[in-house]
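*Asks:*
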Amino acid sequence: MEVLRIRLTDQLQGEISVPGDKSISHRAVMLGALAEGETRITNFLASDDCLRTAACMQHLGIEIEFNGGEVVVYGRGLEGLSEPDDLLDVGNSGTTIRLMSGILAGQSFSTFISGDASIRRRPMDRITKPLRLMGAEIIGRDQGNLAPLAIRGGNLKPITYRTEVASAQVKSAILLAGLFCDGWTEVIEPAKSRDHTEIMLQAFGVPVEVDDLSVRVRGKQPLQGCEIAVPGDLSSAAYFITAACLVPNADLFITNVGLNPSRTGIIDILTMMGADIQIVNQRRSMGELVGDLRVKTSRLKGVTIGGELVVRAIDEIPVLAVAAAFADGVTEIRDAAELKVKESNRIAAIAAELHKLGADVSELSDGIRIKGGKPLTGAVVSSHHDHRIALALAVAALRAEGETQITNADCISVSYPRFLQDLVQIGGVVIDT
Ligand code: S3P
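At position 261 of the sequence shown the residue is numbered 262 (the working numbering), and the sequence of numbers has no breaks.
Have a look at this one:
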């Protein structure tokens, strides 16, 4: 499916469960590899990104078994990785390159790591700087800011590090390197980013202390293999939550969704806009909050958002921009400059593509402004090779007059390989190509 063709849709109904959480699936494989004994992962997200993490671990000598939705990682302990005989290729996955670099910084052998054209443009100095401070040797283009990176570590010392941006990838890279240090490694963030690493480290038996914006991990402690049930990915559910708000006659029940408070900005923002979203059956699974969502057609109004709310919805800004295009009044999203260094420049990409559909959108230095209420008309739009742009445009297409064609839509498999089947199952009008 190079081109995804979607038509105006007048109803969305039914019950769906979205695939496993991407962030949690990556971490489960990484920590499972460093643990003693087996780690069983259910509802693992077998998408391009997470399979890259698994392949990297296999190249580092870890045995991993895939049995349908269940994955078994045969951990070899903190000292168990071995030197790979070739470059580690992370594909499109920022989480893989940044978190793996933290682990590789703890190894005394040499590794070379790189990825696709998007990865090779994304800033790496945010991790190479603290990892070098801990004692790792890292060489990369642009003085270590751009992949490919060559990493040789070992003999790390613990640090206390204040990050410049709220980033779970940076925080996690440092904490993972901290596993190989004697003593406590501390990361202090300007705002709280997603905390899946901290939660999962504790599930594997590693001492972790959290105090507001500071996280500390104690190194040289054995990880114990365990069972991890990955909750559904709220970032994937976000496309259906938004679609259910926008499409008339919509009533969707989305089961088993991760509701970690560091991720629920999308629910809070849509609720501020007037969305009818109910959370039911809240429960906890291995420290992570999980629940079911019921979403119905809603009349939305524009909002102004920034600060920690944007951090808690960082991957959902493109689809929020789509919601804003259908809301009454103006929406302004600020403090979102990080979006410029994601898989694509997501501010420029979503602004350009929504504009092609007829929306009134302007880019801001650190965000986006959308004047809602202009009817959208189907057009040929581009994913910019970014899964979240393709998925957000698919939601816009459900409410654009006629047909929308999204080019380079294959990238959807980075996070949500079965998106089309799920969309069709609830009534989305997709044209078979
Ligand atoms: C992720 C952290 C976020 C997010 C990305 C996944 C993670 O990136 O955008 O999709 O799994 O740690 P940053 O750490 O760059 O904000």
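By construction, the Cβ of each residue, glycine as well, lies at the ideal position given by its N, Cα and C atoms.
Do I315 and the ligand S3P come close, with the Cβ less than 6 Å from some heavy atom?
*Replies:* Looking up residue 315 in the sequence shown gives position 314. I315: yes, Cβ under 6 Å from the ligand S3P.
*Asks:* When every heavy atom of the ligand S3P is checked, does at least one fall within less than 6 Å of the C-beta of A169?
*Replies:* What you label residue 169 is simply residue 168 of the sequence shown in a count that begins at 1. Yes; taking the cut-off as 6 Å, the Cβ of A169 has a heavy atom of the ligand S3P nearer than that.
*Asks:* Have a look at V171 and T164 and give me their C-alpha separation to the nearest angstrom.
*Replies:* The sequence position of residue 171 within the sequence shown is 170, counting from 1. The sequence position of residue 164 within the sequence shown is 163, counting from 1. Taking the straight line from one Cα to the other gives about 8 Å.
*Asks:* Does DSSP put Q203 in a helix, a strand or coil?
*Replies:* Residue 203 sits at position 202 when you count from the first residue of the sequence shown. Of the three classes helix, strand and coil, the one that applies to Q203 here is helix, per DSSP.
*Asks:* How is the beta strand (DSSP E) around Y417 delimited, first residue to last?
*Replies:* Numbered from its first residue, the sequence shown carries residue 417 at position 416. Here Y417 belongs to no beta strand (DSSP E), and DSSP marks it neither H nor E.
*Asks:* Is the segment 19-32 in contact with the segment 233-240, if contact means three or more CB pairs nearer than 8 Å?
*Replies:* Flag = yes, the segment 19-32 and the segment 233-240 touch.
*Asks:* DSSP three-state label for L147, please.
*Replies:* If you number the sequence shown from 1, residue 147 lands on position 146. Three-state result, L147: strand.
*Asks:* Under 7 Å Cβ to Cβ from S383, same chain only, skipping five residues before and after it: list those, please.
*Replies:* In the sequence shown, residue 383 corresponds to position 382, counting from 1. Once the five neighbours on either side are set aside, the close Cβ partners of S383 are E354, T408 and N409.
*Asks:* Return yes when at least one heavy atom of the ligand S3P lies under 6 Å from the C-beta of S363, else no.
*Replies:* Counting from one through the sequence shown, the residue named residue 363 turns up at place 362. Result no, Cβ not under 6 Å from the ligand S3P.
*Asks:* The ligand S3P and T40: does the residue's C-beta get closer than 6 Å to at least one heavy atom of that ligand?
*Replies:* Taking the sequence shown and counting its residues from 1, one reaches residue 40 at position 39. False, no ligand heavy atom lies under 6 Å from that Cβ.
*Asks:* In the structure shown, what three-state DSSP assignment does K375 receive?
*Replies:* Within the sequence shown, residue 375 is the residue found at index 374, counting from 1. Looking at K375 - three-state DSSP - the assignment turns out to be coil, as it is neither helix nor strand.
*Asks:* Apart from the five residues just before and just after I427, which ones in its own chain have a Cβ nearer than 8 Å to its Cβ?
*Replies:* Position 426 of the sequence shown, counted from the start, is the residue given in the question as residue 427. Correct list, in chain order: L13, Q14, G15, I17, F241 and L253.
*Asks:* Taking the alpha-carbon positions, what's the G220 to T186 distance?
*Replies:* In the sequence shown, residue 220 corresponds to position 219, counting from 1. In the sequence shown, residue 186 corresponds to position 185, counting from 1. G220 and T186: Cα-Cα distance of roughly 7 Å.
*Asks:* Nearest by alpha-carbon distance to M125: which of E71, G95 and L392 is it?
*Replies:* Taking the first residue of the sequence shown as 1, we reach residue 125 at position 124. Minimum Cα distance to M125 is reached at G95.
*Asks:* Is T96 near the ligand S3P, judged by its Cβ being under 6 Å from some heavy atom?
*Replies:* Taking the first residue of the sequence shown as 1, we reach residue 96 at position 95. At least one heavy atom of the ligand S3P is nearer than 6 Å to the Cβ of T96, so yes.
*Asks:* What beta strand (DSSP E) runs, 3 residues minimum, are completely inside the segment 268-356?
*Replies:* Listed in chain order, the complete beta strand (DSSP E) runs (minimum 3 residues) inside the segment 268-356 are 277-286, 289-297 and 331-334.
*Asks:* Is there contact between the segment 196-205 and the segment 149-168, where contact requires at least three CB pairs shorter than 8 Å?
*Replies:* Flag = no, the segment 196-205 and the segment 149-168 do not touch.
*Asks:* Entirely within the segment 91-129 and at least 4 residues each: give me those alpha helix (DSSP H) ranges in chain order.
*Replies:* Listed in chain order, they are 95-105.
*Asks:* Please return the same chain residues whose Cβ sits closer than 8 Å to the Cβ of Q222, not counting the five positions on each side in sequence.
*Replies:* Residue 222 sits at position 221 when you count from the first residue of the sequence shown. These residues qualify, in order along the chain: L180, G206, V207 and P208.
*Asks:* Once DSSP output is grouped into helix, strand and coil, what is the label at D86?
*Replies:* As a first step, residue 86 is located in the sequence shown; it is residue number 85 there, counting from the start. Correct three-state label for D86: coil.
*Asks:* Could you tell me the alpha carbon to alpha carbon distance between G70 and R419, rounded to whole angstroms?
*Replies:* What you label residue 70 is simply residue 69 of the sequence shown in a count that begins at 1. What you label residue 419 is simply residue 418 of the sequence shown in a count that begins at 1. For G70 and R419, the distance between alpha carbons rounds to 13 Å.
*Asks:* Is any heavy atom in the ligand S3P found nearer than 6 Å to the beta carbon of S24?
*Replies:* Against the sequence shown, residue 24 aligns to sequence position 23. It does: the Cβ of S24 is within 6 Å (strictly closer) of some heavy atom of the ligand S3P.
*Asks:* From the DSSP output, in three-state form, read off A137 for me.
*Replies:* Residue mapping note: residue 137 aligns to position 136 of the sequence shown, counting from 1. A137: coil per DSSP, three-state reduction.
*Asks:* For I139 versus I120, is the C-beta distance shorter than 7 Å?
*Replies:* Within the sequence shown, residue 139 is the residue found at index 138, counting from 1. Within the sequence shown, residue 120 is the residue found at index 119, counting from 1. Contact flag unset, no.
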